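*Asks:* Just so we're aligned: 39 in my numbering is position 34 of the sequence shown, and the numbers increase by one with no gaps anywhere.
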Amino acid sequence: KEIFASAVLASILLVAFGVLSLQEARDAINWTLYVTVGSAIGVGTALINSGISSSIANFFVRIGDSIGFGMAGLFGCIYLITVFLSYLVSSNVAVALVFPIVKQAASQSGADLVMLSYCVIFASSSCYMAPFSYTANSMIFGLGGYKRIDYIRFGCPLQLILWIGTVVVLSVKVAWYWSWVISAGCYFASVLLMIVVGRCHRRKRNNAS
6 KEIFASAVLA SILLVAFGVL SLQEARDAIN WTLYVTVGSA IGVGTALINS GISSSIANFF
66 VRIGDSIGFG MAGLFGCIYL ITVFLSYLVS SNVAVALVFP IVKQAASQSG ADLVMLSYCV
126 IFASSSCYMA PFSYTANSMI FGLGGYKRID YIRFGCPLQL ILWIGTVVVL SVKVAWYWSW
186 VISAGCYFAS VLLMIVVGRC HRRKRNNAS
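1) Alpha helix (DSSP H) containing Y156: first to last residue?
2) Secondary structure at M134, three-state DSSP: helix, strand or coil?
3) Does the pairing of the stretch 147-159 with the stretch 110-126 give three or more beta-carbon distances under 8 Å?
4) Where does T171 land, buried or exposed, given buried means 16+ other C-beta within 10 angstroms?
5) Looking at C-alpha atoms only, which residue of G78, W183, V103 and P136 is the closest neighbour of I157?
6) I need the DSSP call for F64, collapsed to helix, strand or coil.
7) Count the C-beta pairs between the stretch 53-63 and the stretch 99-118 that are closer than 8 Å, then say yes if the count reaches three, no if not.
8) How many angstroms separate the CA atom of P36 from the CA atom of S55?
9) Between A99 and the rest of its own chain, which residues show a CB-CB distance below 6 Å, the 5 nearest in sequence each way excluded?
10) What's the C-alpha gap between V201 and Q28?
11) Rounded to whole angstroms, what's the CA-CA distance from I169 to G81? Just pull it up for me.
12) Around the Cβ of S26, are there at least 16 other Cβ atoms within 10 angstroms (buried) or fewer (exposed)?
13) Roughly how many angstroms lie between the CA atoms of G75 and F127, to the nearest whole one?
14) Report the rounded CA-to-CA distance for I166 versus Y84, giving the unit in angstroms.
15) So, helix, strand or coil for V24, using DSSP?
16) Taking the alpha-carbon positions, what's the L14 to A21 distance?
17) Between G190 and the rest of its own chain, which residues show a CB-CB distance below 8 Å, the 5 nearest in sequence each way excluded?
18) Within 10 angstroms of the Cβ of S71, are there 16 or more other Cβ atoms? Answer buried if so, exposed if not.
19) Counting only runs that start and end within the stretch 94-133, where is the alpha helix (DSSP H) found for 4 or more residues in a row?
20) Let me make sure I understand the geometry here. Which of G160, N211 and A51 has the alpha-carbon closest to that of S195?
21) Whose C-beta lies closer than 6 Å to the C-beta of Q109 among residues of the same chain, with five residues either side of it excluded?
Rendered as structure tokens:
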């Protein structure tokens, strides 16, 4: 609520002081996004009322228990389904669709809803294996001369590292500073992996030419 109120106040001040005109303020509103997310919220409500979200959540909880990793199995399943949906639709819609399932899964398994919500947020923002799954990917796709296979080659290892890192940080109860240590480790591992893969790719191009 505080964030929404601050955003509205900032918008009013921008128009009042002439930084933005009324037409520019109206053009800045992404109506397509609001309609899409609103529709996804409606679908999420239908999933809750029909009991489908509870059945799906129970399915994920059973998978997590059968894997034998406890809560980590549940977090891993939630992460994967969110990533999969983010490749099919936008990340905002994926969150709106998955959150009702996550809420039911938290109540059935006793998992922390806040930690599961963080898992959904991280997963929806880590779509690296497709050029059109995220805005930044689309921006550099044409300008950088990349191919679809490049996103799979670099994105798949990065996706795997972040999947494991996110699940470990959120599901294992450790001291707060370990989350920073694990996050830094995932970051440096990703950078090192991209450097190695990039050098191998350039070496293949040089040999081919």
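Every residue, glycine too, gets a C-beta built ideally from N, C-alpha and C. On a predicted model such as this, the values are computed, not experimentally measured, just so you know.
*Replies:* With the structure as the only source:
1) Counting from 1 along the sequence shown, the entry for residue 156 is found at position 151. Per DSSP, the unbroken alpha helix (DSSP H) holding Y156 starts and ends at R153 to S176.
2) Mapped onto the sequence shown, residue 134 falls at position 129. Coil.
3) Contact fails: fewer than three Cβ-Cβ distances are below 8 Å.
4) Counted from its first residue, the sequence shown places residue 171 at position 166. With 16 or more other CB atoms across the displayed protein chains lying within 10 angstroms of its CB, T171 is buried.
5) What you label residue 157 is simply residue 152 of the sequence shown in a count that begins at 1. When each option's Cα is compared against that of I157, the closest is P136.
6) In the sequence shown, residue 64 corresponds to position 59, counting from 1. Helix, per DSSP.
7) Yes, the stretch 53-63 touches the stretch 99-118.
8) One-based indexing of the sequence shown puts residue 36 at position 31. One-based indexing of the sequence shown puts residue 55 at position 50. Looking at the sequence provided, one finds Trp at residue 36 rather than Pro. Whole-angstrom Cα-Cα distance: 28 Å.
9) Within the sequence shown, the letter at position 94 stands for residue 99. Result list for A99: T87, L90, S91 and S129, in chain order.
10) Mapped onto the sequence shown, residue 201 falls at position 196. Mapped onto the sequence shown, residue 28 falls at position 23. V201 and Q28: Cα-Cα distance of roughly 49 Å.
11) Counting from 1 along the sequence shown, the entry for residue 169 is found at position 164. Counting from 1 along the sequence shown, the entry for residue 81 is found at position 76. Whole-angstrom Cα-Cα distance: 8 Å.
12) Position 21 of the sequence shown, counted from the first residue, corresponds to residue 26. Label assigned to S26: exposed.
13) In the sequence shown, residue 75 corresponds to position 70, counting from 1. In the sequence shown, residue 127 corresponds to position 122, counting from 1. One C-alpha to the other measures close to 20 Å.
14) Numbered from its first residue, the sequence shown carries residue 166 at position 161. Numbered from its first residue, the sequence shown carries residue 84 at position 79. One Cα belongs to I166, the other to Y84, and the distance between them is close to 12 Å.
15) Sequence index remark: in the sequence shown, residue 24 carries index 19 (1-based). In this structure, V24 counts as coil in the three-state DSSP scheme.
16) Taking the sequence shown and counting its residues from 1, one reaches residue 14 at position 9. Taking the sequence shown and counting its residues from 1, one reaches residue 21 at position 16. The straight-line gap from Cα to Cα measures roughly 10 Å.
17) As a first step, residue 190 is located in the sequence shown; it is residue number 185 there, counting from the start. Within the same chain, Cβ atoms closer than 8 Å to the Cβ of G190 are found at G170, the five residues on either side in sequence being excluded.
18) If you number the sequence shown from 1, residue 71 lands on position 66. By the neighbour-count rule (16 or more Cβ atoms within 10 Å), S71 is not buried but exposed.
19) Segments of the alpha helix (DSSP H) lying fully in the stretch 94-133: 96-114 and 118-129.
20) By one-based count along the sequence shown, residue 195 stands at place 190. Nearest in C-alpha terms to S195, of all of G160, N211 and A51, is G160.
21) The sequence position of residue 109 within the sequence shown is 104, counting from 1. Result list for Q109: S58, S59 and A62, in chain order.
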